[in-house]
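Enquirer: Please read through the structure below; I'll follow up with questions.
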Ligand code: FAD
């Protein structure tokens, strides 16, 4: 069997950030990152690709270029966890043992969860910013639509970047407004949930844009089936009486966000909670039953907004606590406060910078005179367009944490 002191499962936003954080604090630590992917994606950039702002290639780097120096990359998929014997099983049955494990394999986009979707994605006006190869098709459709019905869907929570389904809607509608076409295009949001956004402080400003774009909001509607060639979609609508009924609509373009769940190999593992996510303490991010296991990012059950911004704050917390607990660092354990961020692209050039922690507590990074997160801001757009990508590639993934130092000692 192969052995490493620390094994990190997943080389995405959380996994690479944690490996870099650990190396920055303890350069001689023996770490391996396990990930089968050749390419690492900056997924927050895909909204901008779908809005015609970023080139797709700007959101992708080779995995090899991001594995921190001195960290071993095991290019394989993990098939199973065996925490009782401190081991993970790779596909092909190789075993990797560890002293400490960090679990960060992201979540599973369940495209197959909507009947008829997989076979029509990327054709017949059916698109999604949730895939690298499809985000450019969103922008194609938006540019070419002159008149008709544009449908945007949002699945049940939890999903990664809960604002992304409506970001696609606002950027598309803004383009049509500027082109003078919006009068001929009906914009429809079909949301499985009952509200526009889960943190109420942001809703008034979003509603102003809903009015500006004359978007029709359909709550409690979950997409269940789609027929691309016929350009029709079916939703299950929760009725007031607690039942459900089927609602059908036609479309000229439809932006679909698939239902999301914990990856299958996590869901069936001893690490999972009842809903399938890795069961961690929301402060320390340590597993509730296996103290040598930590988790962060979309795969864990901490009740924060599933965002790269959250992973940016979680990574140094995990690195710090793990090293303290291994005896490599002195000091108290630190706690993650639930920070997550969702820059809502309400129009080209303006963003509502939603930043909040556990319980929906607002956690602005900037003083209100500079960026008031509840109001559309051009500066926040510049942050998203110009600053956040280099912060991601050059600071977060390199273990330079001037925006994410764990300051708070756990109670
Ligand atoms: P990921 O970054 O998804 O990485 C998971 C990694 O695990 C991948 O490299 C994968 O190959 C690997 N993996 C999977 N299965 C296995 C396995 N079996 N074995 C080993 N490795 C495995 N966040 C923001 O902060 N701001 C935004 O504006 C924003 N917008 C978004 C817009 C869109 C369209 C999307 C899709 C996401 C957006 N996000 C945004 C969310 C953000 O991208 C995620 O929350 C973040 O990437 C989560 O990091 P992660 O490390 O948990 O998972």
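Residue numbers (my numbering): 1325 to 1735. All C-beta atoms in this analysis are idealised placements derived from N, C-alpha and C, irrespective of residue type, glycine included. From a predicted model like this one, the values you see are computed outputs, not experimental measurements.
Tell me which same chain residues have a C-beta within less than 8 Å of the C-beta of residue 1570, skipping the five on either side of it?
Expert: 1548, 1558, 1559, 1560 and 1561
Enquirer: Answer yes if the region 1519-1527 comes into contact with the region 1400-1407, meaning at least three C-beta pairs across the two stretches below 8 Å, and no otherwise.
Expert: Fewer than three pairs of CB atoms, one per stretch, sit closer than 8 Å, so the region 1400-1407 makes no contact with the region 1519-1527.
Enquirer: To the nearest whole angstrom, what separates the beta carbons of residue 1429 and residue 1333, a pair I think is in contact under 8 Å?
Expert: 5 Å
Enquirer: Could you please give me the residues that DSSP links to residue 1549 through a beta bridge?
Expert: 1439 and 1558
Enquirer: From residue 1643 to residue 1527, what distance separates their C-alpha atoms?
Expert: Distance between residue 1643 and residue 1527, taken at the CA atoms: about 35 Å.
Enquirer: Going by the beta-carbon positions, is the gap between residue 1513 and residue 1371 smaller than 9 Å?
Expert: no
Enquirer: Helix, strand or coil, according to DSSP, for residue 1667 in the structure here?
Expert: strand
Enquirer: What is the DSSP secondary structure of residue 1709, reduced to helix, strand or coil?
Expert: helix
Enquirer: On the DSSP bridge list, what partners appear for residue 1425?
Expert: 1331 and 1617
Enquirer: Can you check which of these residues, 1500, 1564 and 1467, is closest to residue 1536 by C-alpha distance?
Expert: 1500
Enquirer: Distance check for residue 1364 and residue 1336, CA to CA, integer angstroms please.
Expert: Roughly 6 Å between the two C-alpha positions.
Enquirer: Given this structure, state the Cα-to-Cα distance separating residue 1587 from residue 1339, to the nearest angstrom.
Expert: 15 Å
Enquirer: Examine ligand 1 and report whether any of its heavy atoms sits within less than 8 Å of the Cβ of residue 1490.
Expert: Every heavy atom of ligand 1 is 8 Å or more from the Cβ of residue 1490, so no.
Enquirer: In whole angstroms, what is the alpha-carbon distance linking residue 1609 and residue 1663?
Expert: 13 Å
Enquirer: Can you tell me which of the three DSSP states residue 1295 falls into?
Expert: Lying before the first or after the last residue shown, residue 1295 is absent from the chain, which here runs from 1325 to 1735.
Enquirer: Got a sec: does ligand 1 put a non-hydrogen atom nearer than 8 Å to the Cβ of residue 1333?
Expert: yes
Enquirer: In this structure, what does DSSP give as the bridge partners for residue 1474?
Expert: 1511 and 1577
Enquirer: Specify, as a first and last residue, the run of the beta strand (DSSP E) that residue 1356 falls within.
Expert: 1355-1358
Enquirer: If you run the structure through DSSP and keep just helix, strand and coil, what is residue 1732?
Expert: Confidence is the limiting factor: at residue 1732 the pLDDT is only 49, short of 50, which leaves the residue's position unreliable, though a coordinate-based value still follows. Looking at residue 1732 - three-state DSSP - the assignment turns out to be coil, as it is neither helix nor strand.
Enquirer: Would a C-beta distance cut-off of 9 Å place residue 1659 and residue 1427 closer than the cut-off?
Expert: no
Enquirer: Can you tell which of 1711, 1715, 1674 and 1563 has its C-alpha closest to the C-alpha of residue 1699?
Expert: Among 1711, 1715, 1674 and 1563, the Cα nearest to that of residue 1699 is on 1674.
Enquirer: Quick check: residue 1413 and residue 1476, are their CB atoms within less than 9 Å of each other?
Expert: No, these two residues do not count as a Cβ contact at 9 Å.
Enquirer: Just the Cα atoms here: how many angstroms apart are residue 1431 and residue 1622?
Expert: 6 Å
Enquirer: Give the range of the alpha helix (DSSP H) segment to which residue 1461 is assigned.
Expert: 1459-1468
Enquirer: On the criterion of 16 or more Cβ atoms from any shown chain inside 10 Å, does residue 1733 qualify as buried, or is it exposed?
Expert: In this prediction, residue 1733 scores a pLDDT of 44, lower than 50, which makes its location untrustworthy; no coordinate-derived value is stated.
Enquirer: Is it buried or exposed, residue 1735, if we count other Cβ atoms within 10 angstroms and call 16 or more buried?
Expert: In this prediction, residue 1735 has a pLDDT of 35, which is less than 50 and means its spatial position is unreliable; what the coordinates show is noted afterwards. That one is exposed.
Enquirer: Taking the straight line between their C-alpha atoms, what separation do you get for residue 1472 and residue 1358?
Expert: 46 Å
Enquirer: Closer than 8 Å: is that where the CB of residue 1402 sits relative to any heavy atom of ligand 1?
Expert: yes
Enquirer: Could you tell me which of 1388, 1394, 1405 and 1462 sits nearest to residue 1375, measuring between CA atoms?
Expert: For the residues 1388, 1394, 1405 and 1462, the minimum Cα distance to residue 1375 belongs to 1462.
Enquirer: What is the C-beta distance between residue 1344 and residue 1721, in whole angstroms, given that I count them as a contact (C-beta under 8 Å)?
Expert: 6 Å
Enquirer: If you measure from the beta carbon of residue 1690 to each beta carbon in chain C, is any gap under 9 Å?
Expert: Note that chain C does not occur in the displayed structure, where there is just one protein chain.
Enquirer: Once you ignore the five residues that flank residue 1415 on each side, which residues in its own chain have a CB closer than 7 Å to its CB?
Expert: Here residue 1415 has 1400, 1401 and 1403 as same chain residues with Cβ atoms under 7 Å from its own Cβ, once five neighbours each way along the sequence are excluded.
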